[in-house]
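S.K.:
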Amino acid sequence: MFSEIFRFELAYRLKRPATYIYFGLLFLMAFLAMLAMGGTWGGGFVIGGGTGKVMANSPYQINWIVTLLSFFGVIITCSMMGTPIFRDFEHKTHSLYYTAPISKFGYLAGRFMGSLVVTILVFGGVALGAWLGSVMPWNDPEKIGPNS
């Protein structure tokens, strides 16, 4: 029963526009932060207090981008992970679930894992945005390290 609930939750989450909006917001913020640190708009924009000699795509700077966007991610995680169980209470269907032959573990774990997988995909927008921002041709080559 776990797999059916997991697949349902995964399909439900992937149909919701909020999933793509959250992905887009995290992608855009990471992309713009990397462009700013890469010298696209001039100046010495550095996140996290590093000096001007720290490459924009160094692990130190990427760690700061991920850390700062994780603060927004707490709100996103709450909205994505709290919805599945609340949805059952909102539509008054929670009392029907245990009348069917499903286990409590199958129900709760299926809902949790389905939302967790989609939340991890949404947070992949940070990595994708930071990487794509670092390979843009208009960045200052002195501020971007190799992407190997």
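Per my numbering, residue 169 is the first one in the sequence shown, and the count goes up by one each step. We put the beta carbon where it would ideally sit given N, CA and C, even for glycine. Just so it is clear, the structure is predicted and the values come from calculations on it, not from any experiment.
Taking one C-beta from the region 220–233 and one from the region 244–258 each time, how about it: are there three or more such pairs within less than 8 Å?
M.R.: The region 220–233 vs the region 244–258: no contact.
S.K.: Quick check: what's the CA-CA separation for Thr261 versus Arg255?
M.R.: One C-alpha to the other measures close to 9 Å.
S.K.: Between the C-alpha atoms of Phe239 and Met197, what's the straight-line distance to the nearest angstrom?
M.R.: Distance between the alpha carbons of Phe239 and Met197 is about 12 Å.
S.K.: Over the uninterrupted alpha helix (DSSP H) stretch that includes Gly297, give me the two end residues.
M.R.: Its alpha helix (DSSP H) spans residues 272–302.
S.K.: According to the neighbour-count rule (16 or more other Cβ atoms, all chains shown, within 10 Å of its Cβ), is Asn315 buried or exposed?
M.R.: Exposed, because fewer than 16 other Cβ atoms sit within 10 Å of the Cβ of Asn315.
S.K.: Just to check my reading of the structure: Arg184 and Gly282 have Cβ atoms closer than 8 Å, yes? What is that Cβ distance to the nearest angstrom?
M.R.: 12 Å between Cβ atoms; not a contact.
S.K.: Pull up the distance between the alpha-carbon of Tyr265 and that of Arg175, whole angstroms please.
M.R.: Taking the straight line joining both Cα atoms gives about 16 Å.
S.K.: Report yes if the CB atom of Met205 is closer than 8 Å to the CB atom of Lys311, and no otherwise.
M.R.: Yes, the pair counts as a contact, with Cβ atoms nearer than the cut-off.
S.K.: Cα-Cα, which of Phe191, Thr208, Ala268, Ile173 is closest to Ala295?
M.R.: Of the listed residues, the one whose Cα sits closest to Ala295 is Phe191.
S.K.: Just to confirm the assignment, what range does the alpha helix (DSSP H) spanning Pro269 have?
M.R.: Taken as a continuous stretch (DSSP letters only), Pro269 belongs to no alpha helix (DSSP H), as it is neither H nor E.
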